[in-house]
């Protein structure tokens with residue numbers, strides 16, 4: 006308890022201090038966990054690609070509280086300086102923390118009008134989604150066999166957020182790739198995946214096969230799927 010109080014007091018003291026922009030960026034690069042959290046919350050602007058790199062580097066491979074703090078601020082700070090970091094965002098949209106996934110997807114949707122971003126990011130989201138589907142489809146996949154239900158749920162969780170990303174970037178993805186994915190996800194047992202699939206198909210869909218799948222999901226036995 007004493008250690009917890011000391012940590013809290015230290016965090017409060019750090020938060021109340023005045024820091025320059027350069028101080029905050031420096032702490033994002035090499036500070037303690039608490040300093041990184043505080044820097045993410047206190048940072049007011051991104052002035053360069055170096056700033057953006059220091060910030061998004063804390064979206065992956067860091068303590069959960071740091072990742073969530075960075076993801077929480079990402080939308081506020083989003084600017085073209087983040088364009089080179091699509092690979093980091095690809096990792097962050099399937100974070101184990103759903104709040105991180107949601108925050109990042111919301112933030113990067115602001116880059117949809119940047120061809121430099123969408124032309125790189127969208128095909129890789131599709132590849133990642135198809136890879137997760139292939140894992141879930143294979144009854145002999147060693148990772149699923151080794152991890153059992155826990156590993157299967159992890160893959161379902163990843164697929165859920167991949168589909169949410171596809172929904173956000175729908176207009177920038179080849180309809181044939183959309184068809185390839187929803188043809189698989191419409192049959193997945195976990196209803197939340199079918200629900201996300203149905204939500205994707207609320208977008209303006211063209212083509213007989215997509216419309217057929219949309220109608221099929223309208224007749225789904227699960228209320229949350231059929232109502233969309």
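In this note's numbering, the protein residues as written are 6 to 233.
Built from N, CA and C at the ideal position, the CB exists for glycine as well.
Here the structure is a predicted model, which is why all the values come from computation and not from measurement.
- A direct Cα-Cα distance of roughly 43 angstroms separates residue 137 from residue 25.
- Using a Cβ distance threshold of 8 angstroms, residue 199 and residue 227 count as a contacting pair.
- Around the beta carbon of residue 214, fewer than 16 other beta carbons sit within 10 angstroms, so the residue counts as exposed.
- If you look at residue 133, you'll find it in the alpha helix (DSSP H) that goes 120–142.
- Shown here, residue 24 sits in coil according to DSSP, grouped into three states, outside any helix or strand.
- In the structure shown, residue 48 falls within a coil segment according to DSSP collapsed to helix, strand and coil.
- Restricting attention to 93, 122, 111, 217, the CA atom closest to the CA of residue 184 is found in 217.
- The residues 85, 88, in chain order, have a CB closer than 8 angstroms to that of residue 119 in the same chain once the five nearest residues on each side in sequence are set aside.
- Distance from the Cα of residue 114 is smallest, within the candidate group 66, 170, 166, for 170.
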